[in-house]
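Numbering (this note's numbering), first residue to last: 1 to 369. Report on one structure; see the data block that follows.
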């Protein structure tokens with residue numbers, strides 16, 4: 001078996017070196033700033049020099065920001081691995097020499113903050129570049145495509161099949177699939193077409209962001225060729241529009257798109273709180289069954305490094321699945337993969353939540369209201 005990971009103590013030490021480099025650079029910059037400001041030099045040449053120094057100072061400051069963020073990023077990578085490796089899924093922030101920026105109770109906090117650290121190095125998520133995660137604009141690649149053909153009625157939503165594109169937003173798409181199964185009417189109510197016919201000029205989607213419902217505008221030109229599509233036709237669908245609404249709501253910030261917890265997607269779509277469980281207390285088969293019978297949307301996240309428990313060979317690591325059903329005869333729940341049936345990974349996976357090693361395959365569960 002190939003080992004993926006690192007010596008986390010060495011990573012923390014490397015993080016310290018980056019942090020020390022940032023501090024040394026800032027001390028040097030401040031000393032130079034004082035020297036420039038107090039230099040006995042006046043006139044046009046002096047003014048020109050100070051303008052050039054100001055540009056240099058800004059570049060040094062930005063470099064310091066990058067060094068500091070790199071230190072945090074490395075510390076978060078170490079913390080994420082330690083949390084994933086610990087049987088309880090918990091870490092001691094003191095082990096990371098203050099570089100986590102706060103008190104983190106579990107892996108959920110680590111992944112959210114760790115993703116934000118990386119924003120300095122990642123481009124905004126948007127369509128227009130064939131090499132970007134969203135690819136070209138769909139309207140450029142398919143000039144004859146009619147945006148009003150996207151079926152946003154409840155019947156169309158119920159019949160469609162979510163097929164994840166190249167973005168790492170499985171946490172959100174699995175939640176869409178869960179709500180598609182339990183309350184497609186809400187999805188239909190919260191999306192409307194703009195223009196005549198509806199959708200010709202885009203759409204508006206209601207999402208629950210930062211504690212309130214917000215109307216998010218989506219233009220046909222926002223959609224990319226690598227985004228989510230309908231698994232039957234391969235064309236943009238209501239889920240494509242919902243995906244783009246989530247991206248636009250966060251101004252394309254990579255950390256808000258690429259990773260989050262199972263509960264986060266459910267809450268953003270339904271506006272209702274979702275119960276989140278981790279390795280300290282995953283639901284039993286009976287609890288999953290009851291939630292499914294009550295019509296509650298459910299998603300699960302696999303182990304972030306490597307699932308090694310039941311169904312490990314069929315599961316994708318650090319991936320969120322919809323819990324789409326259960327099998328009473330075997331005591332298994334059924335997981336559906338947002339990658340869609342055309343993916344080389346299994347579309348449906350069965351797993352026993354009462355298996356003693358269940359928590360080494362499924363790391364987190366989100367159950368909506």
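Glycine included, C-beta positions come from ideal geometry on N, C-alpha and C.
- For residue 301, the beta-bridge partners assigned by DSSP are 320 and 364.
- In the three-state scheme derived from DSSP, where H, G and I count as helix and E and B as strand, residue 296 is classed as coil.
- Distance between residue 191 and residue 165, taken at the CA atoms: about 21 angstroms.
- Judged by their CB atoms, residue 332 and residue 353 are nearer to each other than the 9 angstroms cut-off.
- Distances from the CA of residue 321 to each of 356, 361, 284 and 295 were compared; the closest alpha carbon is that of 361.
- Beta-bridge partners of residue 208 (DSSP): 213.
- Within the DSSP bridge table, the entry for residue 348 names 336 as partners.
- With three or more CB-CB distances shorter than 8 angstroms, the region 136 to 152 counts as touching the region 192 to 204.
- A distance below 7 angstroms between beta-carbons, with the five flanking residues on each side excluded, links residue 339 to the following residues of its chain, in chain order: 164 and 345.
- With distances taken between CA atoms, residue 219 lies nearest to 236 out of 63, 343 and 236.
- Around the beta carbon of residue 7, fewer than 16 other beta carbons sit within 10 angstroms, so the residue counts as exposed.
- Rounded to the nearest angstrom, the gap between the Cα atoms of residue 36 and residue 11 is 37 angstroms.
- In the three-state DSSP reduction, residue 309 falls in the coil class, being neither helix nor strand.
- By the C-beta criterion, the region 58 to 67 is judged to be in contact with the region 14 to 26, since at least 3 inter-stretch pairs fall below 8 angstroms.
- Boundaries of the alpha helix (DSSP H) around residue 158: 154 to 159.
- Per DSSP, the unbroken beta strand (DSSP E) holding residue 276 starts and ends at 275 to 277.
- Non-local beta-carbon contacts of residue 225 in its own chain, meaning distances under 7 angstroms to residues more than five positions away in sequence, involve 135, 136, 138 and 141 in chain order.
- Taking each of 303, 173 and 325 in turn and checking the Cα distance to residue 318, the smallest one comes out for 303.
- When DSSP states are grouped into helix, strand and coil, residue 42 belongs to the coil group.
- Counting along the chain, residue 185 sits inside the alpha helix (DSSP H) bounded by residues 184 to 189.
- Residue burial annotation: residue 46 is exposed, with fewer than 16 other C-beta atoms found within 10 angstroms of its C-beta.
- In the three-state DSSP reduction, residue 163 falls in the strand class (E or B).
- In the displayed model, residue 193 falls within a strand according to three-state DSSP.
- With respect to the 9 angstroms criterion, residue 261 and residue 177 are not classified as neighbours on the basis of their beta carbons.
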